[in-house]
Every structure is written in structure tokens, then in C-alpha cells.
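Taken in order, the sequence shown gives residues 1 to 650; the numbers are from full-length UniProt numbering.
Heads up, the beta-carbon is just placed ideally off N, CA and C, and yes, glycines get one too.
Just so you know, these numbers come straight off a predicted model, no measurement behind them.
To keep things clear, I will list the structure first and then write my remarks on it.
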Amino acid sequence: MVEHVRRRRLGALPLLLAVVAVTLVAWLAAPVSALAKSYEIPHVDIDATLQPDGTLVVTEDRTFSFDGSFNGVYWRLPAGDYEGRSVDPQVESVGVVSPSGQLQSFSEGYSGATGTYELDPEGTYTEVKLYNPADDEDVTYRIVYRLPGLASAWADTGELYWKFVSDGWDETSQDVTCTVHLPVPAGQSVEPEGNVRAWGHGTLDGSVSFGGDDVVFSVPAVGGDDFAEARITFPVSWLSSVTPSSTPRMDSILSEEQRWADEANRRREMARVVYGGTGVAVVTAGAASVAVPLWVLSRYRKRHRPVFQDEYFRDVPSDDHPAVLGALLNDGDATSEGFTATLMHASDAGAVDLNLVEVPKKGILGRPREDYQLVKNPRRADDLSDPVDRAFMTCIFDDVAPLVKGYEPPADGRVALDFSRLKKVAKKHPEEFVEAYEGWSSAVEGACTARGFLTGESTGAGFCVLCIVLSGIALVLGFVALLAFEAPLPAFLTLLLPVAGIVASLVVVGRLKAYSAEAVELRAKLEALRRWLKDFTRLEEAVPTDVVLWNRLLVMAVVLGVADEVIEQLRVAVPEILDDPGFMPTYIWWSAHGSMGSPASVFGDAAASSYQASTAAVAASSTSSGGGGGGGFSGGGGGGFGGGGGGGAF
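Encoded structure:
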């Protein structure tokens with residue numbers, strides 16, 4: 001049977017079609033996307049040795065993970081003036097590091113040949129371009145260069161202030177480690193927060209540690225627009241080949257670093273508060289969003305508990321039209337079963353006759369075929385008083401039948417419509433067919449409204465809607481916060497609570513209907529009637545033999561979707577009912593003729609396919625540390641040499 005679809009619901013179809021269209025476009029674009037190349041930098045290892053003359057010798061290994069074909073990579077090594085000194089990078093060697101750790105050196109050349117590199121001074125930086133084709137593989141490149149005179153010799157301290165990852169890389173540098181070897185004279189050693197202090201600047205998740213006479217900086221990730229910076233102070237005497245300045249600097253360095261460390265710690269504390277608060281908020285909102293709908297549903301069930309609690313009911317519970325009772329069970333919406341039941345109801349009143357006709361053959365090889373035909377009985381049709389029956393007659397005989405090709409209104413008013421014509425009308429006149437059907441369904445739903453089955457009383461759905469909104473906000477804010485603070489994967493599992501809350505609220509809202517007290521009782525009795533119609537021959541009780549009662553019950557069985565089961569039980573238990581002339585106006589609809597099937601099933605199938613085709617056609621047409629003894633990085637700094645550099649792949 002056809003699913004009933006209201007015209008007002010067709011407005012959702014463009015959105016559905018849009019989603020389908022976007023999905024299709026994404027699917028079609030997949031091959032194109034697959035051709036797009038990309039790369040990551042999953043690991044960076046930097047080894048820097050500071051010499052007594054202030055020169056920093058840097059060996060940098062960068063691993064590039066290529067997805068697609070690339071010709072090579074490039075570095076931009078910062079150059080320029082720093083603290084009154086000119087610092088120009090001097091490239092010593094370039095190459096590729098094999099998995100075993102062996103270096104395959106490149107030669108300087110400007111032909112673009114594989115295994116060569118180019119040097120291109122650009123004023124504020126020197127570009128080093130390495131030619132080495134790579135395709136869907138991981139390659140580790142090494143560059144060794146010198147930064148002469150980088151370290152400063154102040155009156156009271158030596159200082160190395162250097163961005164070991166500059167702020168111009170095309171992609172994020174991940175898993176960065178920088179080890180700085182200080183020029184410790186023989187017989188001396190590094191004393192953290194004593195003769196040597198170190199600070200890291202940049203992202204707050206970086207760390208500084210001491211290892212023997214080395215200082216180690218570690219950063220999980222440095223974004224393309226970010227930097228990672230090292231600042232180290234040590235005895236100026238270690239720069240034995242440099243003449244110290246007369247200007248002291250240690251006090252200002254300590255003051256700056258303490259200020260930046262305090263600010264970084266405040267930010268960390270705020271992050272912890274926000275992180276913890278977000279977790280509490282997400283869990284609280286999620287738990288409430290699960291509990292509240294369950295409470296609302298429990299309260300709703302108590303308020304809408306029917307007085308009638310028997311398992312079975314043995315009669316039609318009210319004098320309402322069968323289609324109206326069917327709509328009551330369907331939350332106020334007319335059903336296709338109700339459409340068929342209305343036909344039987346009108347036929348029982350004599351307003352519709354059922355004929356078996358022979359359809360002429362088509363073509364030379366065609367054969368005549370049989371079909372069912374509805375014929376309007378004008379006199380009896382005029383006597384119909386129920387608006388649902390009258391709307392059905394209008395739908396079939398006034399709206400649909402005239403759309404049949406070659407239709408001519410009969411002089412006697414006995415309009416006829418073959419079942420097979422329904423599909424043709426729906427295909428050629430989809431909008432008119434939908435409008436005709438919905439004229440009937442509107443009458444059914446209007447009758448439900450007039451009976452007051454659905455009231456405007458509060459069901460608690462507002463609480464569920466509020467839970468959906470709050471859970472949505474908690475879900476978005478929680479996800480953003482967890483992502484921003486790089487929370488571990490298990491922390492993201494807390495987001496399942498608000499998701500569960502949203503689902504629970506949506507499910508509960510769909511079940512909350514403001515039924516009147518009478519509607520609650522009728523629904524309980526209709527469900528009990530459905531159970532009785534399925535079980536009446538197995539209850540060890542006398543089966544009713546009242547033909548008038550069975551006429552009413554069979555029509556209701558159609559509405560309740562158990563007509564076939566009822567007929568089968570009657571054939572076994574009380575076959576005489578089926579032979580009673582008084583039962584024939586109703587039973588005839590379930591009497592199959594030859595291989596055609598019963599009129600009710602044929603009509604239902606025809607109406608189903610016709611309505612589905614029509615609604616599909618209509619929908620388609622409408623779519624348009626302060627002390628320097630190690631610890632975490634601070635967010636200050638930025639004054640060290642090495643800005644404006646970077647690199648990438650090509």
C-alpha cells in the first residue's frame with residue numbers, strides 16, 4: 001500500500017534532493033580529488049652546535065611524507081642584520097638520508113637535474129632548492145648550514161636567541177626536536193638555572209630540558225604561520241673568540257622571560273579551567289539530555305494511560321468513519337489503508353458499484369484482458385452524508401476519471417473508472433492526481449481535528465527541544481575545546497553523551513502527541529481490536545455470526561492492516577458468513593477473480609503505484625618557566641634571529 005504523503009511535506013524534498021546532489025557531486029569529484037597531491041612533515045630533527053666564535057652550525061633533517069608526485073623540496077634560510085651584526089647563512093651540504101642513516105649528498109647545480117640543489121639569495125633569506133623526484137613515499141632531507149656570529153656576547157652573559165623553526169613553512173612541522181650543544185670549555189659543565197638558563201617560545205605545548213651539556217627543545221607541532229624559538233644564556237667566557245660588549249643584558253632577559261612565563265602560565269591555567277569546565281559541561285548537558293527525555297516520556301505515559309486495559313476488544317469502538325479511526329492510529333494523518341476502506345464503506349452504502357470488464361486487445365498480437373471497474377451510482381452517491389465518503393467520490397469520479405484520455409461525461413451520471421487507468425492518469429497528470437488524493441486526505445484529517453482527538457495541551461516536548469539545543473551547543477563547544485587543547489582520543493568519547501541526548505530527545509518528541517482523553521481510549525481499543533481480529537479463532541470462544549457486525553469489522557480490518565488474516569480465519573471458523581448475501585457488498589472486495597487478485601488488493605496496488613509516481617513527479621518538478629631551568633614554552637619572545645624563513649615542497 002502507498003505511504004501517505006502530504007503536499008505540505010513536499011517542501012522537505014528539495015532539501016533531500018540537495019543532499020543527494022551534494023553527495024553525487026562529491027562522489028563524482030572523488031577521482032579528481034584523488035589526483036590532487038599533498039604532503040606532510042611528520043618529523044623534524046635539528047642538531048645545532050654553537051662554536052666559541054658565536055657561529056651556529058646546524059644540521060637539520062626533515063622528513064616529508066608525499067601523497068602524489070613531487071619534484072623536490074626547498075628551504076628558505078633567514079638572512080640579515082641582527083643586533084648590529086650581519087648574519088648570512090652558509091650552506092655546507094645538502095642531501096637525502098637513507099633509512100639506514102647514510103647521506104646521499106647533492107651537488108650544487110642549476111640545471112634542475114635530480115641530485116642537485118640551487119642557492120638563490122633573496123635579501124631577507126636564501127632559498128635552497130633540492131631536486132629529487134618523489135612519488136607517494138617518505139623522504140628525509142638533510143641540510144647543513146652555518147650562521148656566523150649568531151650568538152651575542154654581552155657584558156654579563158652570552159646569549160643564543162634563535163628561531164629553530166621559522167614562521168614561513170607551507171605545512172605544519174610535526175614532532176620537532178632541536179638539540180643545542182654549547183661550547184662548554186674543558187673542566188666546566190652546564191648547571192641548569194645556574195650558569196646556563198634556557199627558555200622556549202612559541203606554542204605552549206613545547207618543552208625545554210637539559211641533557212648533560214646540551215639543551216633540548218621539543219615541540220609536538222609548529223604551524224606554518226607559527227615559530228619555535230630557543231633562548232639560552234651561558235657564561236660569556238664560553239664565547240672565547242668574541243669580544244664582549246660593554247652592555248649588560250642579563251637582568252632585562254630575566255625580566256622579559258619572567259613576564260612571558262607568568263603570562264604563559266596564566267594561559268595554561270585558563271586552558272585547564274576551560275578544558276575541565278568544558279568536560280563537566282559536556283558530561284552534564286549530555287546526562288541531562290538523556291535523563292530529561294526519559295522523564296518526559298514517563299510523565300507522558302502516566303498522563304495518557306487509558307482506562308481500558310483489556311487485551312482484546314470485539315467491536316468497532318466508535319461510530320467514526322473507518323478512515324478517521326485509521327488516521328487516529330497514525331497520529332492524525334490519513335493512510336492509504338483508509339483510502340481503500342473508504343471505497344468499501346461507500347460501496348456498502350451503494351454509492352459505488354464494482355464491475356468486471358474486458359479491455360479490448362491492442363495491436364494484432366494483443367489479447368483482450370480483464371480489469372476491475374468502479375462505477376458511480378449517482379442516486380446513492382447523493383445520499384452520502386459523511387464528508388469523508390463524499391470527498392472520496394469527488395476524488396475518484398469528479399477529479400480523476402475526467403483526466404482519462406477520451407473521457408466523455410455520461411448522460412446518466414454513472415461515471416466509470418477502470419483500475420488500470422489510475423496509473424495512466426497519475427503518470428500524465430501527476431499534480432492533478434496528487435491534488436485529488438489530498439482532497440480526500442484533507443477531509444479525513446479535518447474530521448480528526450473536528451473530533452478534537454489532538455489537543456493543544458503541552459506534552460513536555462519543549463523540554464526535549466531545549467535538550468536538543470543545549471546538547472548541540474555542548475557538542476560543538478566541546479569538540480572545539482577538545483580539538484584546541486589537543487585532548488587525547490578517549491576524551492572525545494564524552495561527546496557521545498550529548499549525541500545520545502539528541503537522539504533520545506528526537507525519539508521521544510516523535511512519540512509525544514497531545515491526545516484527548518477520548519482519543520487515548522479509542523487508540524487503546526483499536527489496538528485491542530487489531531489483536532482480537534488476529535486471534536479470534538484461537539481464543540476458545542464463540543465466533544460472532546452477526547453479518548452486520550462483520551461488515552463493520554472487515555472494513556476496520558482493512559484500516560488495521562489485518563484483512564487477509566480475518567478472511568482466512570472466517571473461511572475456517574464460519575464459512576457461512578462469507579456466503580451470506582448481506583456480507584457480499586463488503587466481502588466482494590476480497591473475492592479474487594481468476595488470476596487478477598481481489599479488487600481491494602488490485603485497487604490498493606494501483607492507487608499505491610499511482611500516488612508514488614505522482615508525488616515523485618511533483619517533487620522532481622519543484623527542485624531548484626620564568627627561571628630558565630627548563631619546562632614549558634612561553635607565548636612571548638619572537639625577538640630571536642630566524643624569522644621570515646620556511647620552506648616546502650614543489
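Original post:
If you count every other CB in all the chains shown that lies within 10 Å of the CB of Val-44, and 16 or more means buried, which is it?
Top reply: A buried status is given to Val-44, since no fewer than 16 other beta-carbon atoms sit within 10 Å of its beta-carbon.
Original post:
Between Ala-573 and Leu-354, what straight-line distance do the alpha-carbon atoms span, to the nearest angstrom?
Top reply: 27 Å
Original post:
Measuring CB to CB, does Val-236 end up less than 8 Å from Asp-156?
Top reply: Cβ distance < 8 Å, so Val-236 and Asp-156 count as in contact.
**OP:** Return the CA-CA distance between Gly-478 and Arg-76, expressed in angstroms with no decimal places.
**Re:** In this model, Gly-478 and Arg-76 are separated by some 38 Å (Cα to Cα).
Original post:
Would the region 177–186 and the region 212–219 be scored as touching if the rule is three or more Cβ pairs under 8 Å?
Top reply: yes
Subject >> Tyr-515 (DSSP reduced to helix, strand or coil) >> reply: strand
Original post:
Are Asp-53 and Val-190 closer than 8 Å when you measure CB to CB?
Top reply: no
**OP:** Return yes when the Cβ of Glu-445 is within less than 8 Å of the Cβ of Asp-333, no when it is not.
**Re:** yes
**OP:** Spell out the partners DSSP gives Ala-416 in its beta bridges.
**Re:** For Ala-416, which the question treats as bridged, DSSP gives the partners Val-375.
**OP:** Following the continuous alpha helix (DSSP H) through Thr-586, name the residue where it begins and the one where it ends.
**Re:** 584–587
Original post:
Would you say the region 342–353 touches the region 315–330, given that touching needs at least three Cβ pairs under 8 Å?
Top reply: Touching, yes.
Subject >> Top-ranked residue by Cα proximity to Thr-455, from Phe-419, Glu-438, Ala-517 and Ile-468 >> reply: Ala-517
Original post:
For residue 661, which residues from the same chain have a beta carbon less than 7 Å from its beta carbon, with the 5 sequence-adjacent residues on both sides left out?
Top reply: Limits of the chain in this structure are 1 at one end and 650 at the other, which puts residue 661 out of reach.
**OP:** Hey, could you find the ends of the beta strand (DSSP E) Phe-217 is sitting in?
**Re:** 214–222
Original post:
Is the beta carbon of Ile-46 sitting closer than 8 Å to the one on Cys-178?
Top reply: yes
**OP:** Count the other C-beta atoms from every protein chain shown that fall within 10 angstroms of the C-beta of Ala-411, then say buried if there are 16 or more, exposed otherwise.
**Re:** exposed
Subject >> the region 397–407 contacting the region 423–439, beta-carbon criterion three pairs below 8 Å >> reply: yes
Subject >> Beta-carbon spacing of Val-547, Phe-583 below 8 Å >> reply: yes
Subject >> Buried or exposed (CB count within 10 angstroms, at least 16 for buried), Ala-474 >> reply: buried
**OP:** List the residues that DSSP assigns as beta-bridge partners of Ser-385.
**Re:** Paired residues: none, contrary to the question.
Subject >> For Val-20, three-class secondary structure by DSSP >> reply: For Val-20, the predicted model reports a pLDDT of 37, less than 50, meaning its position is unreliable and no value from the coordinates is stated.
**OP:** Can you grab the Cα-Cα spacing for the pair Leu-325 / Asp-564, in whole Å?
**Re:** 19 Å
Subject >> Own chain residues within Cβ distance below 6 Å of Trp-589, not counting five before or after >> reply: Excluding residues within five positions, the ones whose Cβ falls inside 6 Å are Met-344, Pro-599 and Ala-600.
Original post:
Could you check where the beta strand (DSSP E) with Thr-126 kicks off and where it finishes?
Top reply: 125–135
Original post:
Just curious, the alpha helix (DSSP H) that residue 660 is in, first and last residue?
Top reply: Because residue 660 is not part of the residues shown, which for the chain are 1 to 650, the question remains open.
Original post:
Thinking C-beta only, is Tyr-125 closer than 8 Å to Glu-118?
Top reply: no
**OP:** Please classify Glu-337: is it buried, with 16 or more other beta-carbons within 10 angstroms of its beta-carbon, or exposed?
**Re:** buried
**OP:** Grab me the residues of Glu-3's own chain with a C-beta within less than 6 Å of its C-beta, minus the 5 sequence neighbours each way, in chain order.
**Re:** With a pLDDT of only 39 at Glu-3, under 50, the local geometry of the prediction cannot be trusted, and the value read off the model is given with reservation. Closer than 6 Å at the Cβ level, and outside the excluded window around Glu-3, lies no residue.
Subject >> N-terminal and C-terminal residue of the alpha helix (DSSP H) that Cys-178 is part of >> reply: Taken as a continuous stretch (DSSP letters only), Cys-178 belongs to no alpha helix (DSSP H), being part of the beta strand (DSSP E) at 173–181.
Original post:
In terms of DSSP beta bridges, what is Asn-355 paired with?
Top reply: Gln-373
Subject >> Of the listed residues Ser-107, Leu-522 and Ala-381, nearest to Asp-331 (C-alpha basis) >> reply: The residue among Ser-107, Leu-522 and Ala-381 with its C-alpha nearest the C-alpha of Asp-331 is Leu-522.
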